[in-house]
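Data block below; observations after.
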Ligand code: NCD
């Protein structure tokens with residue numbers, strides 16, 4: 001068993017103990033109440049933001065967070081204007097930026113790409129979304145919103161609706177919420193957009209109750225929280241397949257009338273058509289407030305990670321299988337061929353260290 005330590009990175013929230021998240025949530029709460037007290041805490045520090053994929057909230061809330069902590073930012077939001085356009089690989093780009101910056105935030109369209117970057121980076125790396133895989137800082141945003149607006153992270157019936165297959169925010173949040181007691185999960189999707197098996201396994205392994213349903217209308221009345229998501233057009237194999245799913249769920253006033261008086265509606269945004277504009281004025285619609293909580297929790301995260309640089313975490317816990325290929329065609333190991341093939345587990349079934357998909361031993 002190898003164990004590669006290089007820095008304190010945030011690739012998957014579940015790599016950290018729940019006590020660590022809870023400290024972050026407390027700090028996020030503190031910062032929200034007294035932001036001025038933190039305005040110089042990152043003076044002289046530089047954050048690199050490498051966004052290989054479009055972003056509004058994640059990128060800008062990270063940048064604002066660093067600026068509000070007194071630090072500065074470098075980076076790109078369009079790889080076409082960087083050397084990526086000349087064919088530079090992830091390793092070289094991120095190695096260089098991690099030498100310029102004190103902390104690096106990265107979003108990329110391929111699953112496992114941020115962990116790949118963290119392998120050789122010289123500063124802490126934060127995953128701001130890797131393909132359809134994970135989005136841990138959106139999850140921290142969601143947890144802070146739940147904590148502040150529902151007052152708890154346990155004993156909740158939470159409905160996830162929309163593209164549960166490709167929605168990385170859903171995957172990360174389900175993994176996180178499964179760490180708290182007595183949560184019930186209602187998975188609302190078409191069969192084509194169902195939650196991947198490896199995330200369902202997280203729920204089953206933890207003994208959590210979950211149901212899979214097709215109708216939002218039928219499910220809405222039982223929920224404490226409704227987490228809406230857009231259908232992720234860019235992750236479909238073809239336009240035709242996307243067209244078949246487009247518009248399959250729309251939350252409107254009529255459906256809101258069936259919901260509990262204290263149910264809250266979350267959405268990581270951007271919205272396409274899955275929440276009618278008429279819902280915005282409902283006091284249970286929490287998505288704009290949620291985006292603002294994202295800035296406070298990212299301030300807490302940047303501060304905590306910069307202050308814990310001397311406490312690295314294991315990045316790779318499995319071992320090298322040079323000839324084994326990951327079964328997921330969307331995994332970064334198929335795109336960046338120089339990457340060492342690391343897998344967890346010893347039996348006939350291995351788990352890819354980058355994208356978490358399971359693979360039968362060849
Ligand atoms: C989400 C993302 O990028 O995964 N947006 C976000 O970070 N707030 C959700 C989405 O794109 O649908």
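Numbering (my numbering), first residue to last: 1 to 362. We put the CB at the ideal spot given by N, CA and C, even for glycine. Keep in mind the model is a prediction, meaning the values are calculated, not measured.
- Only buried fits residue 140, as 16 or more other CB atoms lie within 10 angstroms of its CB.
- Contact between the stretch 136-150 and the stretch 203-221 is absent: fewer than three C-beta pairs spanning the two stretches fall below 8 angstroms.
- Looking at the DSSP output, residue 179 shares a beta bridge with no other residue.
- The three-state reading of DSSP puts residue 235 in helix, counting H, G and I together.
- If you compare the alpha carbons of 93, 79, 130 and 306 with that of residue 235, the shortest gap goes to 130.
- For the pair residue 128 and residue 229, the CB atoms are not nearer than the 8 angstroms cut-off.
- Residue 224 is classed as buried because its beta carbon has at least 16 other beta carbons within 10 Å across all chains shown.
- Around the beta carbon of residue 115, a 10 Å sphere encloses 16 or more other beta carbons of the protein chains shown; the residue is thus reported as buried.
- For the 8 angstroms CB-CB criterion, residue 355 and residue 112 form a contact.
- The criterion of a C-beta distance shorter than 8 angstroms is not satisfied by residue 299 and residue 9.
- With a cutoff of 7 angstroms, residue 151 does not count as near the ligand NCD, since its C-beta is closer than that to no heavy atom of the ligand.
- A straight-line Cα-Cα distance of about 8 angstroms links residue 71 and residue 41.
- Under the criterion of beta carbons closer than 8 angstroms, residue 263 and residue 226 qualify as touching, at roughly 6 angstroms.
- Cβ atoms of residue 13 and residue 172 come within 8 angstroms of each other, at about 6 angstroms.
- Annotated three-state conformation of residue 127 is strand, per DSSP.
- Taken in chain order, the complete alpha helix (DSSP H) segments of 4 residues or longer contained in the stretch 22-70 are 57-68.
- The ligand NCD has a heavy atom closer than 7 angstroms to the beta-carbon of residue 129.
- The three-state reading of DSSP puts residue 314 in strand, counting E and B together.
- Going by beta carbons, residue 159 and residue 219 fall inside the 8 angstroms limit.
- Between the beta-carbon of residue 253 and that of residue 272 there is about 18 angstroms, and that puts the pair past the 8 angstroms contact cut.
- Between the alpha carbons of residue 324 and residue 64 lies a gap of roughly 42 angstroms.
- Under the rule that a run must span 3 or more residues, the beta strand (DSSP E) segments found entirely inside the stretch 73-129 read 103-108.
- Here the alpha carbon of residue 362 sits roughly 13 angstroms from the alpha carbon of residue 351.
- DSSP assignment within the stretch 134-198 yields the following whole beta strand (DSSP E) runs of 3 residues or more, N-terminal first: 157-161 and 184-188.
- Scanning 197, 319, 76 and 268 for the CA closest to the CA of residue 328 turns up 197.
- Judged by the Cβ position, residue 268 qualifies as a neighbour of the ligand NCD at the 7 angstroms threshold, a heavy atom of the ligand being closer than this.
- For residue 145, the Cβ stays outside the 7 angstroms cut-off from all heavy atoms of the ligand NCD.
- Collapsing the DSSP output to three states places residue 263 in coil.
- The C-beta distance from residue 62 to residue 105 rounds to 5 angstroms, short enough to meet the 8 angstroms contact threshold.
- As the crow flies, the alpha-carbon of residue 52 is around 5 angstroms from that of residue 79.
- Going by DSSP, residue 348 is part of no alpha helix (DSSP H) at all; its letter is neither H nor E.
- Within 7 angstroms of the C-beta of residue 232 there is at least one heavy atom belonging to the ligand NCD.
- Apart from the 5 residues on each side of it in sequence, residue 242 sits with its Cβ closer than 6 angstroms to the Cβ of 233 and 236 in its chain, given in chain order.
- Judged by DSSP secondary structure, residue 227 falls outside any alpha helix (DSSP H) and instead within the beta strand (DSSP E) spanning 225-228.
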